[in-house]
Structure formats: structure tokens, C-alpha cells
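S.K.: Taking the numbering used here, I'd label the letters of the sequence shown as residues 5 to 223.
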Amino acid sequence: MAVKLVVFDLDGTLLNTIGDLAAACNHVLVANGYPTHELEQYKIFVGSGVRRLVERALPDDVPETEVERMRDEFVEYYAAHIDGHTVPYDGMRGILRSLHEASVKVAVLSNKFHAGTCRLVSEYFPDMDFFAVYGQRPDIPLKPDTYMLCKLMEDAGAKPSETVFVGDSGIDMDTANAAGVLSVGVTWGFRSKDELVSHSARVLVDSPGQLEQLLMNYL
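Quick look at the structure:
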């Protein structure tokens, strides 16, 4: 296997964003009179886009119109406080540099809203020349739909056998497997190793060092 394209999830894979996501959602919940949640619970809530995050944080009987309104409030508040607690996972900058030096195309594919995805990537990896950075956009299906992953491969001129998808959730593993690319699950993110295994991760890595060794073996 000669890798031409490596696609990374963002939250829980490249960046630890859970502190800012939890703080923003709890702020909106308090402002609207709803109970808040502990940070660990947000690791289960995130991963399927902002609307689903807000919906999961709210009681089941909240009307759709209320969910949509609070989704907008979340985006506004989070955009203004997006980097208060967020940090890159140790070693991830080095992996990105190594891939760039090896002329491997690197992309980010996230279910976070597109503007937030682009801002975080540019802020925390300013010296990295990404092939593409995509977050959630209107009328584009979210992961685990394979549409955007397949488009990335087409644009990069990479076959599924030449592509690796790296993520921390079952959604990421489902996306990779459905597209026929190598699914690599990282265990330092927001979801459990059991979830990655149950969603048929082809490879599991427990540290960025293991991930870099794995990727370098494919070059």
C-alpha cells in the first residue's frame, strides 16, 4: 500500500476541543433554563454536527423550533469562544509535517460547521499546507455518508487503496469502511476503544507516535 492521501477527523483526532464545546453548550443551556452536563457526557454528544449536539443535550420533549434556535445561539457563542481550552494533541503537528515532507496530500473532514473547522485548522496548524479542509456545509451530507470522502479522493487523484482515514469515532470508521479506505481509529479521542472495534476499525493506535510509525510504513 502506497499512501497518497491521509484524511483526518478534527475533534478528538487532531484537536482536543471538548472543553470549548462543553462550555459553549452549557452556556446556551443555562441561558435558556435547561440543566447542564458534565464534560465527559459531551464526548458522547459530539460527532454528528452542531444541531445533533444541541438536540442530545436537551430534554427529549423540546420542540424542533427550540432546538434550531438554540443551535444558532450555540454557533454564535462557540464562534466567539472557540479556542479558550482547545489544544492540539501532542505529536500531531509533527505527523502533519512528516506527511507534507513525504509529499502525501493531507485533508481534514469534520462534521463541525465549516467556518469553525477552517478557523481551528488555520489557527492551530498555520504552517501546514492542507490539500483540503471541509466541515459541515448546507446540502452536503455529514459523515458517515461517504460523499465528501469520495470527492476528496477524486480531487486528490487517490484510489481507495491509496487513502487512509484517521478518526476517533464509530462514525469515522463507518465512513472509511464504506468508502473502501483504510480505517484507523485513535484511542486518545472522545470515544471508547470498544466503539472503534465495534465499528470495524481496521487498525487501532494508542498514541500519535504509533500513528506516525504506521503511516510512515505505508509511504
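Glycine included, each C-beta is placed from N, C-alpha and C at the ideal position.
Assuming L57 and V66 make a contact with CB atoms under 8 Å, what is their CB distance in whole Å?
M.R.: Not confirmed; about 13 Å, so no contact.
S.K.: For the stretch 104 to 122 and the stretch 192 to 212, state whether three or more C-beta atom pairs, one from each stretch, are separated by less than 8 Å.
M.R.: no
S.K.: Rank G193, E199, W192, G171 by C-alpha distance to the C-alpha of L186 and give the top, closest one.
M.R.: Nearest neighbour of L186 by Cα position, chosen from G193, E199, W192, G171, turns out to be G171.
S.K.: How far does the alpha helix (DSSP H) with N30 in it reach, from first residue to last?
M.R.: 22 to 35
S.K.: Near R224, what residues of its chain come up, given a Cβ to Cβ distance below 6 Å and the 5 sequence neighbours on each side ignored?
M.R.: Residue 224 falls outside the range modelled here, since the chain spans only 5 to 223, and no answer is possible.
S.K.: Consult DSSP for V170 and reduce its assignment to one of helix, strand or coil.
M.R.: strand
S.K.: Are the beta-carbon atoms belonging to T21 and L124 less than 9 Å from one another?
M.R.: yes
S.K.: Roughly how many whole angstroms lie between the Cα atoms of I40 and Y82?
M.R.: The amino acid at residue 40 is misidentified as Ile; the sequence shows Thr. C-alpha separation (whole angstroms): 16 Å.
S.K.: What does the alpha-carbon distance come out to for the pair L19 and S165?
M.R.: 26 Å
S.K.: Per DSSP, what kind of secondary structure is G139 in: helix, strand or coil?
M.R.: strand
S.K.: If I measure Cβ to Cβ from L218 and keep anything under 8 Å in the same chain, skipping five residues before and after, which residues do I get?
M.R.: V188, V207, V209
S.K.: For K116, count neighbouring Cβ atoms within 10 angstroms of its own Cβ and tell me buried if that reaches 16, exposed if not.
M.R.: Under a 10 Å Cβ-count criterion, K116 is classified as buried, with 16 or more other Cβ atoms of the shown protein chains found around its own Cβ.
S.K.: Where does the unbroken alpha helix (DSSP H) through L200 begin, and where does it stop?
M.R.: Residues 197 to 202.
S.K.: In terms of residues, what are the limits of the alpha helix (DSSP H) holding V112?
M.R.: Per DSSP, V112 belongs to no alpha helix (DSSP H); it is in the beta strand (DSSP E), 109 to 117.
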